[in-house]
Ligand SMILES: Nc1ncnc2c1ncn2[C@@H]1O[C@H](COP(=O)(O)OP(=O)(O)OP(=O)(O)O)[C@@H](O)[C@H]1O
Ligand SMILES: [Mg+2]
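Numbering (our numbering), first residue to last: -2 to 291.
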């Protein structure tokens, strides 16, 4: 049984402890300082299933990469505006991503807001964005509008993270068309894999028709509870299905995330010593080590 591979005492050949994904659990080195900045690699955080940790991952991965000296732009691409709220940015009566989509000649820099985290900026969203699909559906090259918007500012950042809404509609297709890579967060519960095949099919269609270089950067297991057999079994199934595409870093389940969201802060600032904050820092290091981020 795969679960026994993970016994705490088990070590790999290079003496690293076995991690929850059944592979040696490396720490990953602190990313080297960058000499210059940009152009950004753009990564979409995508899963049409709701509540799997897309927004939580965008916030905390963004803050973790900024912590390592990367210039980060987070794009709220969900009309719920949870990313904006989670980073303490108010969205009422301010220009948002919606205004940029409707008028791509508008200067994106006027819409970008600094967050309280150094090197972390955001393009906010609010409920206006829910009208975007209807407005954009008759546009020429309607799938490429976000790509055009982000092209304006890509040279100012090392990485741009797009927090997608839970749907595979035109907005998500815009996010995939604008991106170099995709991270798929998966909640470690029974229906985790339901819908992932459809999502991967959508990514492949976008690759064939719109964005030939898009790459799956990895699947990220979230809300993992090592105490439950259920969580462990789900993670085993995910690794069986996707192998090395499953990121080694696994995010544990903890109430600290809802607490941090309420405070409008990344967990790396709300509770920097908490294992969950350390997990997102590790995820940032893993993505640099894998070459997904500069
Ligand atoms: N590792 C975790 N442990 C416990 N709770 C978590 C964890 N990650 C996220 N949550 C909580 O789960 C809920 C859903 O997370 P989040 O909003 O990040 O998911 P999402 O995929 O962006 O959802 P949506 O599809 O609605 O946009 C939130 O209340 C969040 O605080
Ligand atoms: Mg979300």
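Ideal Cβ positions, reconstructed from N, Cα and C, are used throughout, including at glycine.
Residues near residue i by beta carbon distance below 7 Å, same chain, minus five either side
| i | result |
| --- | --- |
| residue 147 | 39, 157 and 175 |
| residue 192 | 45 and 46 |
| residue 228 | 185, 221 and 222 |
Buried versus exposed, by CB contacts within 10 Å (16 or more), residue i
| i | result |
| --- | --- |
| residue 57 | buried |
| residue 17 | buried |
| residue 178 | buried |
| residue 282 | buried |
| residue 87 | exposed |
| residue 61 | buried |
| residue 76 | buried |
Residue i versus residue j: straight-line alpha-carbon distance, rounded
| i | j | result |
| --- | --- | --- |
| residue 117 | residue 66 | 10 Å |
| residue 250 | residue 92 | 34 Å |
| residue 132 | residue 105 | 19 Å |
| residue 34 | residue 42 | 22 Å |
| residue 279 | residue 128 | 37 Å |
| residue 263 | residue 254 | 8 Å |
| residue 208 | residue 63 | 27 Å |
| residue 84 | residue 245 | 26 Å |
| residue 205 | residue 270 | 43 Å |
Beta-carbon proximity list for residue i, same chain, < 6 Å, skipping 5 on both sides
| i | result |
| --- | --- |
| residue 59 | 69, 71, 117 and 158 |
| residue 267 | 257 and 260 |
Any non-hydrogen atom of ligand 1 within 8 Å of residue i CB
| i | result |
| --- | --- |
| residue 182 | yes |
| residue 219 | yes |
| residue 74 | no |
| residue 258 | yes |
| residue 44 | yes |
Own chain, CB closer than 8 Å to residue i, minus 5 neighbours either side, in chain order
| i | result |
| --- | --- |
| residue 145 | 101 |
| residue 109 | 70, 118, 119, 120 and 150 |
Residue i: CB within 8 Å of a non-hydrogen atom of ligand 2
| i | result |
| --- | --- |
| residue 77 | yes |
| residue 263 | no |
On the three-pair Cβ rule with 8 Å, is the segment 179 to 195 touching the segment 91 to 107?
No: the two stretches stay apart, fewer than three of their Cβ pairs being nearer than 8 Å.
Contact between the segment 118 to 132 and the segment 12 to 31: three or more CB pairs below 8 Å?
No: the two stretches stay apart, fewer than three of their Cβ pairs being nearer than 8 Å.
If you pair each beta-carbon of the segment 22 to 41 with each one of the segment 223 to 243, do three or more pairs fall below 8 Å?
A contact between stretches requires three or more CB pairs, one per stretch, nearer than 8 Å, and the segment 22 to 41 fails this requirement with the segment 223 to 243.
Report yes or no: do the segment 136 to 150 and the segment 166 to 175 share at least 3 C-beta pairs separated by less than 8 Å?
Yes, since at least three Cβ pairs between the segment 136 to 150 and the segment 166 to 175 fall closer than 8 Å, the two stretches touch.
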